[in-house]
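These protein sequences, in sequence, are chains A and B. Quick note on the working numbering: the first sequence kicks off at 1 and runs consecutively. Quick note on the working numbering: the second sequence kicks off at 1001 and runs consecutively. We treat Cβ as the ideally placed atom computed from N, Cα and C, and that holds for glycine. What you are looking at is a predicted structure, and each value in this text was computed from that prediction instead of being measured. Right, one structure below, let's go through it.
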Amino acid sequence: MSQFWKAWQKRKDTLQEKALHHHTDRSMENISDIELSLVIDENIMMIEKGLGDCDDLVIRRFRDKRDTDCAIVFLDGMVDRNIISEFIITYMTNPQIPVDLPASNELESTDGLRQVIRNVLSGTAVLMRNGESKAYLNNTRGWDRRSVDEPQTESVVRGPRDGFCETLCVNSALIRFRLKDPNLRVRHMVIGQRTQTDIYVMYIEGIAHPPMVQEVLARMEKINVDSILESGYIEQLIQDRRWSPFPQIQNTERPDKVVANLLEGKVGILVDGTPFALIAPAVFSQFYQSPEDYYERFYIATLLRFIRIISISIALLLPSLYIAFSAFHPEMIPSRLVIAMAAGRSTVPFPSLVEALFMELAIEILREASVRLPGPIGPTIGIVGALVVGEAAVSAGLVSPVMVIIVAVTTIGSFASPSYSAAIAIRMLRFPVMLLAGMFGLYGIMLFLIVILIHLSSLKSFGVPYMSPLSPLNLRGMKDLFIRAPHHLLRTRPTMFHVHDEIRMREDEKP
Amino acid sequence: MENQRGSISTWQLIAILISSMIGVGILTLPRTATTQMQEMGWLGPLIGGLIAVIPLMSIIYLSKQYPGLTFVEYAPLIFGGKRHQTWGKILHFPWILAYLLFQFLNTGMVARGFGEVIVTTVLLDTPLEVIVLTLFMIVLYLCMHEFEVLVRVNELLFPIMFVPILIIPYVTINSASWYNLLPLHIDSWKGTAETAIGTFTMYTGFELMMIYFGLAMPGARIALATWGGLSFTVVSYVLTVAAGIVVFGYEELQHLIWPTLEMVKTAQRTGWFLERMESAFLTIWMASVFTTFGNMYYTMIYATRLWLKKGIRFQRIAALVFIIPLFYVSLGPQNIVEFFAYAQKLTYFSYLPTVLFPTLLAVIQLFRARGAHAVADDKKGGT
């Protein structure tokens, strides 16, 4: 009998052994969920094997008040060591304290190995006691994090200065802090088989359209990728049209922008490890609208929107207009200017298309290089660029002076868009327009614009047409499209996102 | 596909109707309207518009009788009635074929017409074939999408339709001599009728509404869209012809191939930074031409798709396949004179699918409805 028992035990052990080693080439989902045993040493061994005997795994053994063997398992650097020594070990060992459990703010227990390993990996200190087939998970997460800082990509003159950082809980707190609405819903998700990235999906119940929220959640659940290193992964995996150059989900570093969009009935997605939050659905107006528009008086906000629209058009079209005018339609340029341009171009040996492509390429190289350069030598590139692209190229007779102005204005224009990812779409589309302008002049530019227009009309972001409220026309939405109507006229939310509670301001009493 | 039907709003219907009607024809209109009517040429498009009223009334009537259905679906019902469905299918066949053929040929002609303008005025060294090919390529790209994309493109390009109403009077006002409009007197009624019949071709495009009214939102105000769109078009045409007469006088107009373009060329003080406007005008006008022949070709493909009850894949392949013969059609006329002759013949053909077809359907439907009423009344009397 005992032999049979031994054989049974042995078989159990080998199966367990197999199960433990099985996962090493796979990810978390495939770790076999073995139940913890009553013997603490066995559990520790299982965790060690599960993590492949990693050297940053700290196992602290001690005896508690009742003289039971205990152990704390955590990963070095991911935990706050003070909490462990003061509130776990002290509480457990000091006989003057009459409690059995550690004093941590979050305390859960589990009896599955998978849960234990997942928690160890995310910075939890796992406490185990001999004779108990379960483990206590203490929230001791505390690694060095960047503090809340001013957003780098979306600065405003007037408006809050705080931006998201890389830690999810801080980011969600930044939103909660602004939006003390009990209807704010936060749904937690873990995506990425290997990175196990925590993600919060946020929306306001009663404003956001439930089918749309469901759609966002369903698409996110479908993601089956090994890593989510930045919110861009999610953006590109859940967007409607994957081959489009236009961003169909907005990203932002600003909590106030997320809150404003949540209040318009959109869904916010926060991803652990990146300061960029996502906002879905997105429409074309993201290209030129900034949160600052709502903070300043509406006249200046409207003017700024028009300026941004003009600068986006310049960034897209100015070089190609130059090519079209100088190569195909010189009769359209006023005579004095055309003489000046011809004088400038007299030494240039290339056709205007080559000239423009050359200059645009040079400026793109400069821009890319200045992003990569380390801070202290950053200004160097400006000086070199100004000298090479500006002065030297003209005096060497490679490009005409007008071309330098055009390239400069184009570059500055592309920076005026408040959204970086929208601006780079425009930056990229500049090159095909230039080629078409070089082939067909103004006619080529129009061809391209029509194609873009067809494409934009076909785009949808989570069921919302990309060009709305312009098409399909929605007069109520027009109040906040090109112009930013004063707040007392924006009493209802834009309807294109199918909001449920439409009223923003119930009655408006003049002061 | 089915869930997208019933999504076109009244405003979008107006945009489609106007964009489909106003197109490349406006460039030649001041000449064609004044050939016979001389200084009273501006009356031509007005009477031509009146011709379009009858088929438009029929189309509205039919769409109200069969809400949510397009003509490829209701035509067999009307021809055959409930009892003779096979006859309905046989009888409606040649009419729909004529309709599709007209859209097909008209697409080719519009593309050719605009290609001629481009190569004779702006891109002098570019072969006509290349221009026509590029035009067809963007139409092909449009045909790869569902109809709601076409609707939105029309809606977004709609502001361009205001160019003839706003820009043309503005640029011509400086060189206007108002006496060219006098005397107000019609020489021959025969000439007037011929001009009206000839300028009616400017209004073709309204027959596309036989499809789009069927896809309109329930509750969309079809009649408002129709009459609003028609009056807008009539006003822009009359204004354009009047501007042509005012600037050039009818004698000179006869010698200009594209009088509207010449009118824009006369504009001296275009103001701020452009010396001459015609290239810019043509470029902007290209969008309007695109909506005209894009709508026609798309509707032809889409109607075929609905007729044969196929999906988007059929539409894409059909669009690609039909582009090839279309290329031959549009490059068929050897020169511009031959092209105008072809276009004239197409105008006569256009009466068949655009006027006769909807009117005939409406008349049959009228009788059927009366009959049904009579039967219903009888039953009432019986009980």
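Can you tell which of the options has its C-alpha closest to the C-alpha of residue i?
| i | options | result |
| --- | --- | --- |
| P1159(B) | G1294(B), L1308(B), R1005(B) and W1285(B) | W1285(B) |
| E230(A) | F276(A), L262(A), E264(A) and P247(A) | F276(A) |
| V271(A) | I199(A), T495(A) and R176(A) | I199(A) |
| L57(A) | L490(A), I47(A) and L447(A) | I47(A) |
| P465(A) | F177(A), I249(A) and R427(A) | I249(A) |
| I503(A) | L316(A), R476(A) and R484(A) | R476(A) |
| F440(A) | R1313(B), T1359(B), G1191(B) and L1123(B) | L1123(B) |
| A125(A) | E132(A), Q236(A), V394(A) and R141(A) | R141(A) |
| P349(A) | F328(A), A315(A), A393(A) and G375(A) | A393(A) |
| M1277(B) | T1260(B), A1287(B), Y1237(B) and T1292(B) | T1260(B) |
| K1265(B) | T1172(B), T1134(B) and F1322(B) | T1172(B) |
Pick helix, strand or coil for residue i, following the three-state DSSP scheme.
| i | result |
| --- | --- |
| K6(A) | helix |
| D13(A) | helix |
| N543(A) | Lying before the first or after the last residue shown, residue 543(A) is absent from chain A, which here runs from 1 to 511. |
| S461(A) | strand |
| F1293(B) | helix |
| Y136(A) | strand |
| S109(A) | strand |
| G268(A) | strand |
| C1143(B) | helix |
| N1106(B) | helix |
| H209(A) | coil |
| Q1334(B) | coil |
Report buried or exposed for residue i, applying the criterion of at least 16 other Cβ atoms within 10 angstroms of its Cβ.
| i | result |
| --- | --- |
| L1230(B) | buried |
| I405(A) | exposed |
| A396(A) | exposed |
| W1307(B) | buried |
| G1311(B) | exposed |
| G52(A) | exposed |
| T1086(B) | exposed |
| V399(A) | buried |
| W1258(B) | buried |
| Y1170(B) | exposed |
| D13(A) | exposed |
| H209(A) | buried |
| T1240(B) | buried |
For chain B, is any of its Cβ atoms less than 7 Å away from the one on residue i?
| i | result |
| --- | --- |
| P334(A) | yes |
| V451(A) | yes |
| I454(A) | yes |
| L447(A) | yes |
| S346(A) | no |
| H487(A) | no |
| L473(A) | yes |
| E296(A) | no |
| S313(A) | no |
| S320(A) | no |
| L237(A) | no |
| E230(A) | no |
Taking the alpha-carbon positions, what's the residue i to residue j distance?
| i | j | result |
| --- | --- | --- |
| D80(A) | F358(A) | 55 Å |
| D501(A) | L481(A) | 20 Å |
| M202(A) | Q196(A) | 19 Å |
| T302(A) | E1251(B) | 50 Å |
| P1395(B) | T1347(B) | Examination of residue 1395(B) is not possible in this model, given that chain B is present from 1001 through 1383 alone. |
| R1370(B) | N1106(B) | 36 Å |
| K18(A) | W143(A) | 34 Å |
| I228(A) | I234(A) | 7 Å |
| W5(A) | T68(A) | 28 Å |
| G232(A) | C165(A) | 15 Å |
| M1001(B) | F1290(B) | Interpretation of M1001(B) is limited by its pLDDT of 41, a score under 50 that renders its predicted location unreliable; no figure is taken from the coordinates. |
| M1210(B) | L1043(B) | 28 Å |
Spell out whether any CB of chain A is found under 7 Å from the CB atom of residue i.
| i | result |
| --- | --- |
| M1263(B) | no |
| P1152(B) | Looking at the sequence itself, residue 1152(B) is Arg, so the reference to Pro does not match. Yes - at least one Cβ of chain A is within 7 Å of the one on R1152(B). |
| I1018(B) | no |
| S1330(B) | no |
| S1279(B) | yes |
| L1156(B) | yes |
Consider the Cβ of residue i: report whether some Cβ of chain C lies at a distance smaller than 7 Å.
| i | result |
| --- | --- |
| M1109(B) | Among the chains of the structure shown, chain C does not appear; the protein chains present are A and B. |
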